[in-house]
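There are 2 protein chains.
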Amino acid sequence: MRYAASERLRHPARVVAFGFATAIAIGTALLSLPLATETGHRTGLVDALFTATSAVCVTGLVTVDTGGHWSTFGEVVILALIQAGGLGIMTLATLITVLVAGRLGLRSRLLAQAETKLLGLSGIRRVVRNIVLFSLLSEAVVAAVLTVRFAVGYDQSWGRAAYQGVFHAISAFNNAGFSLHSDNLMRYVGDPWVCLTVAAAVIVGGLGFPVVFELARSWRRPAMWSVVTRITLGLTIALLVLGTVVFTAVEFANPRTLGALEVSDRVLAGFFHSVMTRTAGFNSIDIAALHPESLFATDLLMFIGGGSAGTAGGIKVTTFGLLAFVLWSEVRGEPAVNVGRRRVPETNHRQALAIVLLGIGAVAASTFLLLALTRHSLDSVLFEAISAFATVGLSTGITFDLPPAAELLLVGLMFLGRIGPLTVASALALRRRTRRFELPEERTIVG
Amino acid sequence: MRYAASERLRHPARVVAFGFATAIAIGTALLSLPLATETGHRTGLVDALFTATSAVCVTGLVTVDTGGHWSTFGEVVILALIQAGGLGIMTLATLITVLVAGRLGLRSRLLAQAETKLLGLSGIRRVVRNIVLFSLLSEAVVAAVLTVRFAVGYDQSWGRAAYQGVFHAISAFNNAGFSLHSDNLMRYVGDPWVCLTVAAAVIVGGLGFPVVFELARSWRRPAMWSVVTRITLGLTIALLVLGTVVFTAVEFANPRTLGALEVSDRVLAGFFHSVMTRTAGFNSIDIAALHPESLFATDLLMFIGGGSAGTAGGIKVTTFGLLAFVLWSEVRGEPAVNVGRRRVPETNHRQALAIVLLGIGAVAASTFLLLALTRHSLDSVLFEAISAFATVGLSTGITFDLPPAAELLLVGLMFLGRIGPLTVASALALRRRTRRFELPEERTIVG
Ligand SMILES: [K+]
Ligand SMILES: [K+]
């Protein structure tokens with residue numbers, strides 16, 4: 000029994016993959032019930048599987064209109080899957096971080112504790128409780144604000160407003176991007192109450208638990224912050240500002256997106272889109288109407304994604320930031336990679352490299368296959384592939400008329416995008432082999 | 000004097016950049032002469048600069064039709080620039096490899112000599128002589144075959160055939176992709192004499208001098224081959240086969256490309272296109288008529304490019320191969336990255352990582368700007384940006400009607416693509432700083 004448990008701990012990535020696959024299977028079964036649809040007709044297996052995967056992986060891509068197709072039962076199933084997926088990834092990613100640290104020897108373990116300010120194996124229960132409390136509390140606050148706004152500002156009944164508020168709060172905090180409206184959040188494009196509340200929920204959920212926990216403990220002492228927190232905060236702010244400036248500037252005069260709005264609303268919508276690329280996936284403007292350069296900039300931001308061990312997807316800002324530091328050190332000719340006053344070890348570089356290469360490989364292969372399977376252009380197809388891999392959920396609209404083979408490809412890509420980076424970052428590190436001897440060294444030429 | 004020389008050797012990347020910039024400046028001046036055009040009218044400065052840069056960087060992108068716009072004088076200038084650029088990059092890259100090895104301490108230097116089978120500083124003259132002899136001999140053989148074919152198979156006068164043969168031989172061996180025909184090599188699509196001869200020249204020139212030299216010395220003893228030669232040969236063959244299969248299969252029934260040809264010619268044309276993506280840039284089929292998935296596959300192959308220290312561009316198969324080995328080691332949980340029976344040092348990984356990140360960054364930024372500057376779709380623009388960065392020269396046809404700002408952007412991208420990877424791979428290694436103390440280590444979370 001003890002042996003079996005320790006065996007499982009040795010391959011936590013399998014636990015994560017198994018857990019997510021199980022949740023998707025249950026979700027598919029429930030969404031296949033006639034009860035789950037508005038019309039009472041059974042949903043096709045591929046669409047049910049697609050929706051369940053999209054919900055559990057908190058992606059938000061949909062092949063059927065969420066509010067129109069599913070019954071209230073179906074919507075609650077989707078909401079439960081989102082909550083399970085979001086809590087699941089946050090808890091497992093945080094725990095795996097602790098576990099990995101625990102197996103790296105005492106010195107590293109202590110350092111890792113200093114990093115994330117988390118406890119070792121003995122504190123698992125406390126970690127899980129903290130994450131659940133943090134999630135539910137955040138969602139409750141967001142739901143309350145939205146409910147009031149929907150009831151007061153849009154003359155909805157309090158019951159209806161509460162249902163909409165809770166749904167969009169959970170969808171936002173878990174970076175899922177599912178909406179009950181067929182136009183997603185486009186009707187709220189000029190409403191700062193809704194947009195800024197949703198944006199705040201997305202940002203907090205996407206920072207990742209280790210960073211939020213460290214900020215809660217020592218937000219007054221930035222000098223004590225770990226490498227993770229420094230990179231995550233710095234890059235989150237930088238990318239949000241950059242995205243806001245780029246989208247607002249490029250789309251400013253586009254009559255089909257920002258051009259139709261008041262000037263102040265254009266900035267709000269530019270900021271909202273910038274937040275949603277990382278990787279929540281709500282939209283308050285029509286994605287299909289964006290200029291190609293905005294679509295491409297969105298591609299890049301979606302691929303980078305949000306913080307580690309949170310509800311965001313993508314390769315994560317930590318991976319991106321570490322690679323940027325490695326590049327900077329190489330250009331400067333520095334022998335080591337230092338962030339703040341800390342040296343980041345070589346094994347960490349290789350993990351980051353592996354994650355970004357796997358991400359590029361998965362997106363490139365999927366893009367090629369989607370181009371072959373459909374008649375859409377690269378603009379839309381690359382956008383769709385990155386949106387699925389980075390669990391974003393934005394789309395130019397091609398999701399609705401994909402052939403089943405392409406839908407299944409996106410199902411696989413969403414699953415890989417959700418558990419892949421975590422797997423590479425952690426589980427592989429656990430089975431680091433030791434060689435009995437080292438081979439003689441030989442430099443190769445590159446470039 | 001001695002000091003100045005050693006200062007220059009300390010920054011060989013500056014020598015390379017300065018040399019290429021000088022050649023481009025001279026070429027621009029010559030191509031701006033009225034004498035250089037068919038009509039006797041002066042060519043605009045941006046077009047002259049673009050053509051000179053494209054020739055020196057052996058790219059092959061053109062904003063004016065080479066055979067139609069330029070006089071024989073202009074064509075000879077272009078040919079001289081191609082030859083200077085090709086010989087320049089091959090010589091300087093090979094020498095820098097030796098120089099870098101020379102500064103790494105005795106042990107590494109000896110290993111590096113074993114790698115490339117080249118001599119140290121004392122043998123510079125011999126290395127240069129060998130490269131020039133190898134280039135001229137290869138070009139002479141290719142020119143002879145093409146001349147006979149043009150004269151006998153196409154009823155050209157021997158003088159005309161020889162001129163065409165020499166031009167296309169030099170353009171092929173140096174992976175330049177310039178052609179005197181307005182349809183590039185499309186008229187020869189079913190001619191194996193022309194296509195296979197050009198393909199052979201492109202492959203040999205693109206392998207890189209160190210690999211060719213090692214093969215010439217020890218082709219009978221594969222067990223003795225260096226890491227560079229193993230990776231270059233293995234990946235060259237694998238990517239050529241993969242490209243041939245993909246292009247032939249995808250375009251087989253496309254009436255605007257392979258579909259119009261005899262079945263055996265379809266395979267020939269698929270193979271030819273596969274070779275030309277790495278990174279020669281001739282085309283025997285209409286690039287604009289390719290299916291989007293073929294364009295995208297071409298993007299990937301162009302970005303990877305050919306061998307190091309040869310006339311090919313891109314990040315190089317050595318960089319790509321090393322990163323693949325790093326990824327494989329990480330997935331397997333191996334503590335070291337081994338190729339064959341040799342361990343590749345960590346500094347090498349970082350160089351490869353830096354090259355690929357700079358490449359992706361340059362292509363992504365240029366793609367965004369080209370999308371903003373023009374009305375073309377991502378399919379064409381990404382293709383154009385990668386073609387410029389990887390000094391390929393294939394185009395869907397948008398080069399002819401770009402605004403001047405976009406032309407200048409491509410000029411910069413061609414220059415960066417030609418000298419950037421070499422610079423990162425070598426010059427930066429020379430100014431590796433030593434820190435007096437190491438900072439305390441801290442792992443970060445990624446993924
Ligand atoms: K999402
Ligand atoms: K070329």
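Here the protein sequences come in this chain order: A and B.
At position 69 of the first sequence the residue is numbered 68 (numbering that gives the first Met the number 0), and the sequence of numbers has no breaks.
At position 142 of the second sequence the residue is numbered 141 (numbering that gives the first Met the number 0), and the sequence of numbers has no breaks.
A virtual CB, placed ideally from N, CA and C, is assigned to each residue, including glycine.
If I follow the unbroken alpha helix (DSSP H) through residue i, where does it start and stop?
i	result
A/C56	First-last for A/C56: undefined, no H or E at that position.
B/V132	Looking at the sequence itself, residue 132 of chain B is Leu, so the reference to Val does not match. Looking at the DSSP string, the run of the alpha helix (DSSP H) that includes B/L132 is 123-152.
B/T65	65-68
B/I169	157-172
A/P191	191-206
A/A363	345-372
A/F399	First-last for A/F399: undefined, no H or E at that position.
B/F388	377-388
With a threshold of 16 other CB atoms inside 10 Å of the CB of residue i, please say whether the residue is buried or exposed.
i	result
A/F399	exposed
A/H450	Outside the displayed range of chain A (0 to 446) lies residue 450 of chain A, so it cannot be described from this structure.
A/M275	buried
B/V343	buried
A/R102	Reliability fails at A/R102, whose pLDDT of 41 lies under 50, so the model's placement of it is uncertain and no value is given.
A/V277	Per the sequence presented here, residue 277 of chain A reads as Arg, with Val not at that position. Under this definition A/R277 is a buried residue.
B/W157	exposed
B/R13	exposed
B/R128	exposed
B/D378	buried
B/R341	buried
B/T90	buried
B/V61	buried
B/W218	exposed
B/A198	buried
B/G164	buried
B/L132	exposed
A/V15	buried
A/L105	Residue confidence for A/L105 is low, a pLDDT of 32 falling below 50, so the modelled location carries little weight and cannot support an answer.
A/F17	exposed
A/A24	exposed
In chain A, which residues lie less than 9 Å from residue i when you measure between Cβ atoms?
i	result
B/P439	L110, R340, R341, R342
B/F367	V245, E292, F295, A296, L299
B/V14	Within chain A, no residue comes near B/V14; the closest Cβ sits about 16 Å away, beyond 9 Å.
B/L381	F295, L377, L381
In chain A, which residues lie less than 7 Å from residue i when you measure between Cβ atoms?
i	result
B/P291	L370, S376, L377
B/A363	L299
B/E345	E345
B/N337	L438
Kindly examine ligand 4 and report whether one of its heavy atoms sits closer than 7 Å to the Cβ of residue i.
i	result
B/V391	This structure lacks ligand 4; its bound ligands are ligand 1 and ligand 2.
I'd like to confirm the pairing. Which residues does DSSP put opposite residue i in its beta bridges?
i	result
A/T36	A/W69
B/N337	B/R342
Check the Cβ of residue i against every Cβ in chain B and list those closer than 7 Å, keeping chain order.
i	result
A/L234	Correct list: empty, because the minimum Cβ distance to chain B is about 12 Å.
Can you list the residues of chain A that residue i reaches, using a CB-CB cut of under 8 Å?
i	result
B/L326	L352, A353, L356, L357
B/E213	In chain order: nothing, as chain A lies at least about 11 Å away.
B/E329	R349, Q350, L352, A353, V423, L427
B/N129	Simply none; closest approach about 17 Å.
Check the Cβ of residue i against every Cβ in chain B and list those closer than 8 Å, keeping chain order.
i	result
A/R255	Those within 8 Å of A/R255 in chain B number zero; the least Cβ separation is about 15 Å.
A/L322	L352, L356
Can a CB atom of chain C be found closer than 8 Å to the CB of residue i?
i	result
A/V249	In the structure shown, chain C cannot be found, because the protein chains are A and B.
Ignoring anything shorter than 4 residues, give me the alpha helix (DSSP H) runs that lie fully in the segment 249-331 of chain B, in order along the chain. 262-274, 291-303, 316-331
Ranges of the alpha helix (DSSP H) found wholly within the segment 208-234 of chain A, counting only runs of at least 4: 208-217
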